[in-house]
Amino acid sequence: MKYILMMNTPCGGPYQVANWQQKDFQAHIAFMKSFHRKLSESGELVAAEGLAGPDQAKLVRAGKDGAPITDGVFPETKEFLAGYWIVDVESPERAYEIAAQASAAPGPGGAPLNMGIEVREVMSAPPVDL
Amino acid sequence: MASPSQGPTAERLLRDLAPQVLGAVMRRFRDFGAAEDAVQEALIAAATQWPREGVPDEPRAWLIHVASRRIADHVRSEAARRRREAIVVSLVPPELQIALAADSDEAPLEDDTLTLLFMCCHPALSTPSAIALTLRAVGGLTTPEIARAFLVPEATMAQRISRAKQTIKASGVPFERPTPEARAERLGAVLHVLYLIFNEGYTSSSGPALHRDDLSGEAIRLTRAVHALLPDDGEVAGLLALMLLTDARRAARTGPLGELIPLAEQDRGLWDQRAIAEGVALVTAALSRGSIGAYQVQAAIAAVHDEAARAEDTDWPQILALYGVLMRMSDNPMVALSHAIATAMVHGPRAGLDLLKALDADARLSGHHRLDAARAHLLERAGDREAAIAHYRRAASRTTSVPEQNYLATQAARLSDAMR
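Residue numbers (UniProt numbering), protein chains in the order written: chain A, 1 to 130; chain B, 1 to 420.
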């Protein structure tokens, strides 16, 4: 079964990597790289991407003539999607376990960030019989 | 699939030969990982060369020869790098160094196929790994083909297969015919893996359909092979029958847009009568032989469905009795759910709903969309439309299958339209 693990980070919160000290930033990147390698080696990684910051985002909505309008009003939120992993695992528990590991990525001073990681099952094939 | 110019016959030939070739190479070199890699290379070489140059007179001998030479080359280059030429001589059997009497073999080929299956479905492996390794080593599929079928990146599947091979190597499972006790123990795992491969393939409306169809075809082919090796095993026959009887309905199971069509509404003219006849004959013979297992009973249920010319002709009392037998065999809540539905078909929707109530307490089933879907159907039949709509909607929000979600949401919409 496939799951998407969405890394939700507080806007203006502790995930402001640009303000971190270099050694904290490097520890964070090292963690993410080793996390990626471990998931690849276990044969569970389907895809993973980090996303550009919310200040780079555009909100698109089709206008009356069907043409896109951008830069509209964003839904108000205290968190933003910073990146995601898609994993193919044997059980939901394993997906939660992986998410918990990602959640504990180190932040400033090496302390775990304990980010919220939203775990959603990816829609799949129909069952054998209905 | 390996090459566009390659006909289905050559492809089938390669798949059929894969376990025999691997078995022969395994017996010579005793290294599963190396043998498996070498055989894959030989299969790929054949897939590119044979369409161009024609199939050799002795295709199996050709493959064994090429695979053995690959291993010998690997060992040689490795050894040369380390300047230990002497080892090579001891590692490569003399007959390989001179000429290859490629398939003058001691053990019968069928034993090789079974031994390989038992290795690949080893209990030390995770289920996805066992499936991947079985498809590659016994089925002869390439890693990219397996990756496509399971909708994961090739690198992910390659890792899974390589870890599976390491696990087998580390567990020290010898390549030899399993003892009767080990065979009895492990056959269950083998059949389960084949059943899962079939299920993965028995879908035609999600993902690249073609490759998934290939998987159920592959599962049937491999189960057929096991049945040919163990013709007296009732459960092997039962599983093959179950696959044939289920696969027979494939063409009628989805509409033009990939939407699910439930059993009762399927166009039975589209069912594959030849597969049904074969499945019925298999399960009938198996059931008459004595010891009865769960696959045989499930096949018998599928046979009762397949033998009804119209949905309303279905022999529900017999299906109910068979689910009763299955309930006594296993503690599976899905079986209890089907038993409740069969009860409703025989004794009315309220009797079925009463049985579903008891299932709410089962933690394995509560919150599962199948329970909601079954309840919705029975509530609708009992005339309680409002409750039926609520359960259809809840089931739709809980399923992870796109076609099933569409089906359930459509049912909810149909009922609420009717109430307007």
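Glycine is no exception: its CB is placed at the ideal position from the N, C-alpha and C atoms.
Given residue 254/B as reference, the closest of 64/B, 415/B, 404/B once Cα atoms are compared = If you compare the alpha carbons of 64/B, 415/B, 404/B with that of residue 254/B, the shortest gap goes to 404/B.
Below 7 angstroms between beta carbons is the criterion; list the residues of the region 99-114 of chain A that meet it against any residue of chain B, in chain order.
-> Going along the region 99-114 of chain A in chain order, one finds no residue with a Cβ nearer than 7 angstroms to chain B.
Interfacial residues, the UniProt domain "YCII-related" (26-103) of chain A to chain B, with Cβ spacing under 8 angstroms | Those residues of the UniProt domain "YCII-related" (26-103) of chain A that come within reach of chain B (Cβ to Cβ, closer than 8 angstroms) are 40, 41, 42, 43, 44, 45, 46, 47, 88, 90.
Contacting residues, own chain, Cβ-Cβ under 7 angstroms from residue 119/A (five flanking each side not counted) = Cβ neighbours of residue 119/A beyond the five flanking positions: 3, 5, 95, 96, 99.
Exposed unless 16 or more other CB atoms sit within 10 angstroms - verdict on residue 235/B = Residue 235/B should be labelled buried.
Of the residues 307/B, 28/B, 407/B, the one placed nearest residue 369/B, counting alpha carbons only = Shortest Cα-Cα distance from residue 369/B to any of 307/B, 28/B, 407/B involves 407/B.
To the nearest angstrom, how far is it from the Cα of residue 122/B to the Cα of residue 352/B?
-> Each residue's alpha carbon lies about 40 angstroms from the other.
Looking at the structure shown, is residue 215/B part of a helix, part of a strand, or coil, going by DSSP?
-> Of the three classes helix, strand and coil, the one that applies to residue 215/B here is helix, per DSSP.
Does any C-beta atom of chain B lie closer than 9 angstroms to the C-beta of residue 118/A?
-> False, the Cβ-Cβ gap to chain B never drops below 9 angstroms.
Does residue 6/A get closer than 9 angstroms to chain B when you measure Cβ to Cβ?
-> No, its Cβ sits nowhere closer than 9 angstroms to a Cβ of chain B.
When 359/B, 68/B, 314/B, 347/B are compared against residue 25/B, the one with the closest alpha-carbon | Ranking 359/B, 68/B, 314/B, 347/B by CA distance to the CA of residue 25/B puts 68/B first.
Under 9 angstroms between C-beta atoms, does residue 127/B make it to chain A?
-> Yes, contact with chain A.
Have a look at 22/A, 38/A, 78/A and flag the residue whose alpha-carbon is nearest the alpha-carbon of residue 101/A.
-> Considering only alpha carbons, the answer is 38/A.
Going by beta carbon distance, what residues of the same chain come within less than 6 angstroms of residue 198/B, once the five residues before and after it are set aside?
-> If you ignore the 5 residues before and after residue 198/B, its C-beta comes within less than 6 angstroms of the C-beta of 216, 219, 243, all in its own chain and listed in chain order.
Label residue 128/B either buried or exposed according to how many other C-beta atoms from any shown protein chain fall within 10 Å of its C-beta, with 16 as the threshold for buried.
-> Residue 128/B should be labelled buried.
Skipping 5 residues on each side, what residues in its chain have a beta carbon closer than 8 angstroms to that of residue 73/B?
-> Same-chain partners within the cutoff: there are none.
Nearest chain B C-beta to residue 128/A closer than 9 angstroms, yes or no?
-> The predicted model places residue 128/A with a pLDDT of 48, which falls under 50 and marks its position as unreliable; any figure quoted below should be read in that light. Residue-level contact check: residue 128/A touches chain B, since one or more beta carbons of chain B fall below 9 angstroms from its beta carbon.
Would DSSP call residue 61/A helix, strand or coil?
-> Note: residue 61/A maps to strand in three-state DSSP.
With distances taken Cα to Cα, identify the nearest neighbour of residue 58/B among 75/B, 38/B, 17/B, 132/B.
-> Of the candidates 75/B, 38/B, 17/B, 132/B, the one whose C-alpha sits nearest the C-alpha of residue 58/B is 17/B.
Please confirm whether any heavy atom of the ligand NAD lies closer than 8 angstroms to the CB of residue 316/B.
-> With respect to the ligand NAD, the structure shown offers nothing to examine, as it has no ligands at all.
Exposure label - residue 418/B; buried when at least 16 CB within 10 Å | Counting Cβ neighbours within 10 Å, residue 418/B comes out exposed, since fewer than 16 surround it.
Which first and last residues belong to the alpha helix (DSSP H) in which residue 168/B is found?
-> Taken as a continuous stretch (DSSP letters only), the alpha helix (DSSP H) holding residue 168/B covers 154-171.
Where the beta strand (DSSP E) through residue 5/A begins and ends = Annotation for residue 5/A: the continuous beta strand (DSSP E) segment containing it runs 2-10.
Flag residue 405/B as yes if its beta-carbon sits less than 9 angstroms from any beta-carbon of chain A, otherwise no.
-> Taking Cβ atoms only, chain A reaches closer than 9 angstroms to residue 405/B, which makes this a yes.
Assign residue 249/B to one of three DSSP states: helix, strand, or coil.
-> In the structure shown, residue 249/B adopts coil according to DSSP, grouped into three states.
List, in order along the chain, the chain A residues whose C-beta lies closer than 7 angstroms to that of residue 159/B?
-> The answer, in chain order, is 40, 41, 43.
Whole-Å CB distance - residue 117/B paired with residue 190/B, under 8 angstroms assumed | The beta carbons of residue 117/B and residue 190/B sit about 5 angstroms from each other, so the pair counts as a contact at 8 angstroms.
Leaving aside the five residues before and after residue 112/A along the sequence, list all residues of the same chain whose C-beta is less than 8 angstroms from its C-beta, in chain order.
-> Taken in chain order, the residues that qualify are 103, 104, 105, 106.
Can you tell me the Cα-Cα spacing of residue 247/B and residue 275/B, whole angstroms?
-> Those two C-alpha atoms are separated by around 8 angstroms.
Where does residue 87/A fall in DSSP's three states?
-> Strand at residue 87/A.
Of all Cβ atoms in chain A, is any one closer than 9 angstroms to the Cβ of residue 151/B?
-> At least one chain A Cβ lies under 9 angstroms of residue 151/B.
Could you pull out every unbroken alpha helix (DSSP H) segment of at least 4 residues lying fully inside the UniProt domain "RNA polymerase sigma-70 region 2" (14-79) of chain B, listed in chain order?
-> 32-53, all fully within the UniProt domain "RNA polymerase sigma-70 region 2" (14-79) of chain B.
Under the three-state reduction of DSSP, which class applies to residue 140/B: helix, strand or coil?
-> DSSP, reduced to helix, strand and coil, places residue 140/B outside both helices and strands of the structure shown, so it counts as coil.
Taking C-beta pairs closer than 9 angstroms, name the residues in chain A that residue 311/B reaches, listed in chain order.
-> For the C-beta of residue 311/B, not a single chain A residue is nearer than 9 angstroms; the gap to the nearest is close to 13 angstroms.
Going straight from the alpha carbon of residue 36/A to that of residue 80/B, what length do you get?
-> C-alpha separation (whole angstroms): 36 angstroms.
Residues of the region 156-188 of chain B whose Cβ lies closer than 9 angstroms to any Cβ of chain A, in chain order = Of all residues in the region 156-188 of chain B, the ones placed with a Cβ closer than 9 angstroms to any Cβ belonging to chain A are 156, 157, 158, 159, 160, 161, 162, 163, 164, in chain order.
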